[in-house]
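Protein chains in written order, with this note's numbering: chain Y, -18 to 332; chain H, -18 to 332; chain E, -18 to 332.
Every residue, glycine too, gets a C-beta built ideally from N, C-alpha and C.
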Amino acid sequence: MGLTLTQLTEFFASQSIPCEVDGDGSVVVSSVATLEDARDGQLSFLSNPKYEKELAATRASAVLVRPDVKVSRKMNLLRTPDPYAALTAAIVRIHGYRQHPQWGRSAQACVHASAVIGEKPNIAPGAHIDENVRIGRNATIYPGVYIARGCTIGDDVVLMPNVVIYEGCVLGNRVTIHAGSIIGEDGLGYAPVNEKWVKIPQVGNVIIGDDVEIGANCTIDRATLGSSVIGNGTKFSNLIAIGHGTKIGEDCLFVAQVGIAGSVGVGRHVTMAGQAGVVGHISIGDNAVIGAKAGVTNDVEPGLIMLGQPAVPINECKRQVAIVQRLPQLKNEIKRLRRDLDQLMKQVGGG
Amino acid sequence: MGLTLTQLTEFFASQSIPCEVDGDGSVVVSSVATLEDARDGQLSFLSNPKYEKELAATRASAVLVRPDVKVSRKMNLLRTPDPYAALTAAIVRIHGYRQHPQWGRSAQACVHASAVIGEKPNIAPGAHIDENVRIGRNATIYPGVYIARGCTIGDDVVLMPNVVIYEGCVLGNRVTIHAGSIIGEDGLGYAPVNEKWVKIPQVGNVIIGDDVEIGANCTIDRATLGSSVIGNGTKFSNLIAIGHGTKIGEDCLFVAQVGIAGSVGVGRHVTMAGQAGVVGHISIGDNAVIGAKAGVTNDVEPGLIMLGQPAVPINECKRQVAIVQRLPQLKNEIKRLRRDLDQLMKQVGGG
Amino acid sequence: MGLTLTQLTEFFASQSIPCEVDGDGSVVVSSVATLEDARDGQLSFLSNPKYEKELAATRASAVLVRPDVKVSRKMNLLRTPDPYAALTAAIVRIHGYRQHPQWGRSAQACVHASAVIGEKPNIAPGAHIDENVRIGRNATIYPGVYIARGCTIGDDVVLMPNVVIYEGCVLGNRVTIHAGSIIGEDGLGYAPVNEKWVKIPQVGNVIIGDDVEIGANCTIDRATLGSSVIGNGTKFSNLIAIGHGTKIGEDCLFVAQVGIAGSVGVGRHVTMAGQAGVVGHISIGDNAVIGAKAGVTNDVEPGLIMLGQPAVPINECKRQVAIVQRLPQLKNEIKRLRRDLDQLMKQVGGG
């Protein structure tokens, strides 16, 4: 299973990742590890300069580094302008992606007679597939998954254990949903009548694009009417809540515990850091970046980086934080001004 | 399945919702959609003035609007003082509420011999009901639900897939719990002993009132002693955490990712917006409104609107935010004051 | 099942908890309740002085209190320097810990032929245990639990319903995981390539130490390489998200909805209050305390108490909050300074 460093650079070249051996190209690596954990026979990497001091101490057989990194001792280096991309390619080449158990179409799965399942299904015991569900080829469906009536699911989809998909939702191709996530539950849709809450039937659905990956224990509300949408290529971490009718663009990246209220429009390639929140009925432009714990309360222009609560553009936020931290000094200066002024008034008044 | 606009207004009248046709009462609508999505044969609505520009462009066959809304072209309008209530009624009339699969009492559900189940059960394969559980009439229990020993559950309850109810909890009538929510897990109850944590058995339970709806992937701790309580008519969105021994009043509305620590008392008809948090052992009065991301650290008087972290009444918070945003100007004014004062001191001193 | 107060104090003595009866030692208590809920035959406690007024009104047959607590009427008191420790011991003695259903090794559990299960298993119908899983003695595994291939699980472990453990993870002895928690899902590991996200296989695992308790609906990412770690004796509440490669020390206590990004090092005996967040690639020292909703963005020294967003040491935060709340006054003082100064300048200029 091992590869020589020379073989690795050839593989990188085939992936359009330039990389040169700085050391002994015949050295063999058979797995990948962090600088700290790596041992003989392992490939490691330095991507974040913060870990540079660990480079000198590593026992890795070889390390992916940027071309300009200097080392104080003899090491086998693989120099590349993008160590992170090379690392990714190396892990894929050496370790590969998750291998799923092979259940075929288990007789202990509950599949409704009207469901249409594509070629090469891999459906576990204890999975439930309801009326009129359509599923494409190569589906991997773990135990405890429930797919409600009328859902349409693409090819090469992976649903990890205990994922629940409510009725009428649509998943594209190559969608992966991690354990415990819920797709298409009702949103918080109630009409207020005399301080009681009258439930509005939530008759829309959720549409998830191709190549979307959703983390564990997320919740994505179905729309009241129409669709909540997650665009192609978007990736979610865990415990994320998306409100009803919200539409999220392509290639977004959302960190854990992000919450977005209903009827929000999020552009493409938007990054939301951990625990960020967005109020309902606003728009966030393409390529915007929302900082950790930021609370977005107004439309965000494309490309802006927003921080704080309420969120403001990053420079404004940093200036505010800096001034707040200097407030004790300002307060003292105000005191001094008053003292000096009072003294002067006395002096002048008395003059 | 369609209704004419005249029939709709008659139906609204039967629901005590005044509504008048402004246009052709013989037009038929058979489903409901947003202004943007609506097509021929669909009813739409304008409730939030923010979407007024979409009114002119909609292809809906008819639109619910307030009496005073003006339109620049010929449209079929249904004028009513409360378009949202009318919309709710129209969706219920035209689309109805969720229809559940009908399993009867599945032989593949694991139901303990001592469990007592009311009339017309609808219990899925893969549901688990333990010793001495009592369930009322018309229960709908999806796959993957686990109800531990000694729980008491009312009539017309719906438990969506993978809901877990720990031992001894009580659910009222017409309770709906969405997928993946956990009711009655242990709270974080430990006694500190020499920097170790000694577990305190959590021997209380959770009591959920009538007409409560809980979103997906919520967690409601059982009380250490006594009961955690969710009052009648209260509605939760998703990913909400309620601490042990907390008692929440009737008709509250909690948005996603709200977190309330233990031993909190929340009054009736309290609204908590997304990601708001409340520390332990405090009280929140009736009709209070807690803003998104607010952090409540002290008792809240009835009817107050609280914002910020630490949360303060809305006017105070807005004033603080406004001043913080003007801090750079204040800082400059302090600099000018110092300069002017120094100059004056020089002048006077030299005079 | 009841004990006299004298018997209780003897039991406390055996647990090294000093306690004296102040009243009638022959009184029998058979359960424990809060001051408010307690009735005849029940033991209660006063630990938080906030509830002192409930002491006078309680109907409990006896109350655990500190030695110096004064009461205005005749009551049976159990005086002890640590009422909370005594309460814990009393609840354990009188009520005990959760009793689980006894399934033995259910024939309706899906256990792979290669799995090795220790003595006295208690594995429910509908549990799934995959290839090459090793489980110690006395395991209690509820319905809907999924344990993926190659996991290693210690003795006396309890996995509540619908817990999911991804491949290759390691759990110590006496670990309890509450319902719906997910251990070892993929972290948010993608390499950015032309504004697309290329998935990095997450080939590490999660290692959970002895005596760890994890709440409901948590998510703990597997490491990209190496291990994410939860140290011995650490306790989590619900809906907590831990990022990939993060290592948490021993005897930590995390309140609900805490989120920690990837590659964070957390020391031992660290407390994180509700909804606190930590950015990636930083370190938090032993015995640090992170306040509710705090956003930690830099390394934290051992023993510090951090508040705010961005988090700062508690004194600094309190000073900032106090000044922000006094900003309107400061602003007025600046106005007055300007007015007085202008007047003085006029006076001097005209002099």
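Query                                                                                                                                                                                                       : Result
How would you label residue 37 of chain E, buried or exposed, when you count the other beta carbons within 10 angstroms and need 16 or more for buried?                                                     : exposed
Which residue's Cα is closest to the Cα of residue 221 of chain Y: E/80, E/238, E/311?                                                                                                                      : E/238
At least one CB of chain Y closer than 8 angstroms to the CB of residue 321 of chain E: is that the case?                                                                                                   : yes
Going by DSSP in three states, residue 24 of chain Y sits in which element: helix, strand or coil?                                                                                                          : strand
Might you give, ordered along the chain, the residues of its own chain that have their beta carbon closer than 8 angstroms to the beta carbon of residue 54 of chain Y, omitting 5 neighbours on each side? : 37
How big is the Cα-Cα spacing for residue 329 of chain H and residue 325 of chain E?                                                                                                                         : 10 angstroms
For residue 288 of chain H, I'd like the list of residues in its chain whose CB is within less than 7 angstroms of its CB, leaving aside the five on either flank, ordered along the chain.                 : 272, 275, 295, 298
If we count Cβ pairs, one from each stretch, closer than 8 angstroms, do we get three or more for the region 259 to 271 of chain E versus the region 201 to 208 of chain H?                                 : no
Smallest Cα separation from residue 228 of chain Y: which of Y/218, Y/102, Y/327, Y/251?                                                                                                                    : Y/251
Which stretch, first to last residue, makes up the alpha helix (DSSP H) that contains residue 74 of chain H?                                                                                                : 64 to 75
DSSP has residue 228 of chain Y in a bridge; who is on the other side?                                                                                                                                      : Y/210, Y/246
For residue 1 of chain Y, is the classification buried or exposed, using 16 other Cβ atoms within 10 angstroms of its Cβ as the cut-off for buried?                                                         : exposed
Residues of the region 8 to 26 of chain E in Cβ contact with chain H at a cutoff of 7 angstroms, in chain order, please.                                                                                    : 13, 14, 15, 18
Kindly list, in the order they appear in chain Y, the residues whose Cβ is closer than 8 angstroms to that of residue 93 of chain H.                                                                        : Going along chain Y, no residue has its Cβ under 8 angstroms from residue 93 of chain H, so there is no contact; the nearest lies around 19 angstroms.
Under a three-way DSSP split, which group does residue 216 of chain H fall into?                                                                                                                            : strand
Sorted by chain position, which residues of the same chain lie with C-beta nearer than 7 angstroms to residue 242 of chain E's C-beta, five sequence neighbours on each side aside?                         : 224, 259, 260, 261
If you measure between the beta carbons of residue 9 of chain Y and residue -16 of chain Y, is that distance less than 8 angstroms?                                                                         : yes
Leaving out five residues on either side along the sequence, give the residues of the same chain with a beta carbon under 6 angstroms from the beta carbon of residue 230 of chain Y.                       : 212, 247, 248, 249
Start and end of the alpha helix (DSSP H) containing residue 341 of chain E?                                                                                                                                : The structure shown has nothing for residue 341 of chain E, since chain E only spans -18 to 332.
Mind checking the region 197 to 216 of chain H against chain E and listing, in chain order, the residues whose C-beta falls within less than 7 angstroms of any C-beta there?                               : 198, 200, 206, 207
Using only the alpha-carbon positions, how far apart do residue 254 of chain Y and residue 255 of chain H sit?                                                                                              : 16 angstroms
Counting along the chain, where does the alpha helix (DSSP H) carrying residue 299 of chain Y start and finish?                                                                                             : 295 to 306
Chain H beta carbons: is any one of them nearer than 8 angstroms to that of residue -12 of chain E?                                                                                                         : no
Listed in chain order, which residues of the region 133 to 145 of chain E have Cβ atoms closer than 8 angstroms to some Cβ of chain Y?                                                                      : 143, 145
Between the region 179 to 199 of chain H and the region 80 to 89 of chain E, do three or more beta carbon pairs fall short of 8 angstroms?                                                                  : no
On the premise that residue 159 of chain Y lies in contact with residue 167 of chain E, defined as a C-beta separation below 8 angstroms, what is that separation, rounded to the nearest angstrom?         : 7 angstroms
How would you list, in chain order, the residues of chain H whose beta-carbon sits under 9 angstroms from the beta-carbon of residue 251 of chain E?                                                        : What residue 251 of chain E touches in chain H: nothing, since even the nearest Cβ is about 11 angstroms away.
Taking buried to mean at least 16 other C-beta atoms within 10 Å of its own C-beta, is residue 61 of chain H buried or exposed?                                                                             : buried
What does the Cβ neighbour count give for residue 155 of chain Y, buried or exposed, with the cut at 16 atoms within 10 Å?                                                                                  : buried
If contacts are defined as beta-carbon pairs under 8 angstroms, then residue 153 of chain E and residue 135 of chain E qualify, I think. What distance do you get, rounded to the angstrom?                 : 5 angstroms
In angstroms with no decimal places, state the Cα-to-Cα distance between residue 185 of chain H and residue -4 of chain E.                                                                                  : 24 angstroms
Which residue marks the beginning of the beta strand (DSSP E) containing residue 1 of chain E, and which one marks its end?                                                                                 : 1 to 3
Determine whether the beta carbon atoms of residue 131 of chain E and residue 117 of chain E lie at a separation below 8 angstroms.                                                                         : no
Examine chain Y for any beta-carbon lying closer than 8 angstroms to the beta-carbon of residue 237 of chain E, and answer yes or no.                                                                       : no
Give the single residue among H/165, H/58, H/82 whose Cα lies nearest to the Cα of residue 3 of chain H.                                                                                                    : H/58
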